[in-house]
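In the working numbering, the protein residues as written are 40 to 141. Don't be surprised by glycine CBs; every beta carbon is placed ideally from N, CA and C. A quick note: this is a predicted structure, and the numbers were derived from the prediction, not measured.
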């Protein structure tokens, strides 16, 4: 969507929510559009909530970080992680993701 925001963020010891929380009623919140996300996480928790629609994202997780996808919609996902990072993606986003484990 034209005019959708792009974010470049480094988070340490943080919780990052992309779009508003949808619990307990996932249909009550408006869609939130993001052009691109470039996120670097250290000892942090990242949540892609249901209203989030993301054109492209590059997510870099250290071994103490976690990504939890709560039925967001993503175009392209590049995930850079260690073998001890935690990644939870829904099926559609899993198919669109590329992984680089180091």
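Residue j and residue i - do their beta-carbons sit closer together than 9 Å?
i, j, result
"residue 48", "residue 94", "no"
"residue 132", "residue 116", "yes"
"residue 92", "residue 118", "no"
"residue 97", "residue 123", "no"
"residue 129", "residue 83", "no"
"residue 73", "residue 43", "yes"
Using the Cβ count rule (16 or more neighbours within 10 Å means buried), how would you classify residue i?
i, result
"residue 46", "exposed"
"residue 108", "buried"
Name the DSSP beta bridge partners of residue i, please?
i, result
"residue 141", "In DSSP, residue 141 forms no bridge with anything."
"residue 71", "91"
"residue 45", "75"
"residue 50", "80"
"residue 56", "86"
Whose C-beta lies closer than 6 Å to the C-beta of residue i among residues of the same chain, with five residues either side of it excluded?
i, result
"residue 99", "79 and 119"
"residue 101", "81"
So, at 7 Å on beta carbons, what are the nonlocal neighbours of residue i in its own chain, with the 5 sequence-adjacent residues on each side left out?
i, result
"residue 56", "86 and 88"
- Item | Whole runs of the beta strand (DSSP E) within the region 91-131, excluding any shorter than 3 residues | 91-100, 105-108, 112-120 and 125-127
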